[in-house]
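Following: one structure in structure tokens, then a few remarks.
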Amino acid sequence: MTDNEILSLMREKPPEGQRALFDKYYSYVYSIVNRILSGNGSPDDAEECVIDVFASVMMKLVPDDDCSLKSYIGTAARNTAISMSRSLVLKTGRNISADDENMAEIADDENIEANADRAETSEILLKKVSELGPPDSIIIIQKYYYDKSSKEIAKMVGLNSAAVRMRCGRAMKRLKKLLEADGITL
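Count along the sequence shown starting at 1, add 9, and that's the number in the numbering used here.
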């Protein structure tokens, strides 16, 4: 049964339309709810949440609207499940204080400052490579990012392998000068 048929049935015979809506979208709603509540709630909590989703949809959905039922129901399921997950976490007291002595066990070893510096350097490097212009920028990216051979790159840019190697060497020297002008040494 299509969404338009369900909406039409909800206008003409609301109980039958609501049943058709439930039958068609139950599995979809349950999978969304179960994914969000996993680890925080029981199967009974998931079932209760699914019922809450359909109750909300059936009370708020205006069958005259020409809307995508799947996206409407999916959004309602996600929002209801997130709300229930939050209330379950508060109820069970599974929150961990940042001052808790066990907090070090779940801390991440990721160095955010180093990652940010690397990302900034990569952005500058990519900008400078693009300033070289084609075919030099293409050669540099294909060689050092995609690890292509001179022969493969030669086919792409319409040059022979020796010319690609020569242009690559010259392009690297130009790139080094562009980077040094911005105070970056690699």
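Think of the CB as a built atom: it goes at the ideal place given N, C-alpha and C, for glycine as much as any other residue.
> Taking Cβ to Cβ, would you say P72 is nearer than 8 Å to M10?
Replying inline: To locate residue 72, count along the sequence shown from 1; it is residue 63. To locate residue 10, count along the sequence shown from 1; it is residue 1. For P72 and M10, no; Cβs fall outside 8 Å.
> Under a three-way DSSP split, which group does Y155 fall into?
Replying inline: Within the sequence shown, numbered from 1, the residue matching residue 155 stands at position 146. In this structure, Y155 counts as coil in the three-state DSSP scheme.
> If you draw a straight line from the alpha carbon of M181 to that of A123, how long is it in whole angstroms?
Replying inline: Counted from its first residue, the sequence shown places residue 181 at position 172. Counted from its first residue, the sequence shown places residue 123 at position 114. Spanning the two alpha carbons is a distance of roughly 25 Å.
> Hey, how far is the Cα of L184 from the Cα of K100?
Replying inline: Indexing the sequence shown from 1 puts residue 184 at position 175. Indexing the sequence shown from 1 puts residue 100 at position 91. About 59 Å.
>> If you measure between the beta carbons of V42 and V66, is that distance less than 8 Å?
In response: Locating residue 42 in the sequence shown gives position 33, counting from the first residue. Locating residue 66 in the sequence shown gives position 57, counting from the first residue. For V42 and V66, no; Cβs fall outside 8 Å.
>> Quick check on the burial criterion: 16 or more other C-beta atoms within 10 angstroms. Buried or exposed for D145?
In response: Taking the sequence shown and counting its residues from 1, one reaches residue 145 at position 136. It counts as buried.
>> Quick check on A128: buried or exposed, where buried means 16 or more other Cβ atoms within 10 Å of its Cβ?
In response: Residue numbering aside, residue 128 sits at position 119 when the sequence shown is read from its first letter. Per the 10 Å Cβ criterion, exposed.
> Going straight from the alpha carbon of I147 to that of G192, what length do you get?
Replying inline: Here the question's residue 147 lines up with position 138 in the sequence shown. Here the question's residue 192 lines up with position 183 in the sequence shown. When rounded, the distance between both Cα atoms is 24 Å.
> Helix, strand or coil: which one does DSSP assign to M10?
Replying inline: On the sequence shown, position 1 is the one that residue 10 refers to. Three-state DSSP puts M10 in coil, outside helix and strand.
> Do you know whose CA, among S51, S40, L70, lies nearest Q27's CA?
Replying inline: Numbered from 1 along the sequence shown, position 18 holds the residue referred to as residue 27. Per the Cα distances, L70.
> Taking C-alpha atoms, which residue in N49, Y35, I91 lies nearest to K79?
Replying inline: Taking the first residue of the sequence shown as position 1, residue 79 is located at position 70. Checked all of N49, Y35, I91; the closest Cα to K79 is Y35.
> Are I149 and V138 touching if we call contact CB-CB under 8 Å?
Replying inline: The residue labelled residue 149 in the question sits at position 140 within the sequence shown. The residue labelled residue 138 in the question sits at position 129 within the sequence shown. Contact flag set, yes.
>> Only counting the same chain, and skipping five residues up and downstream in sequence, which positions put a Cβ closer than 8 Å to that of N169?
In response: As a working mapping, residue 169 is identified with position 160 in the sequence shown. Only A163 meet the Cβ criterion.
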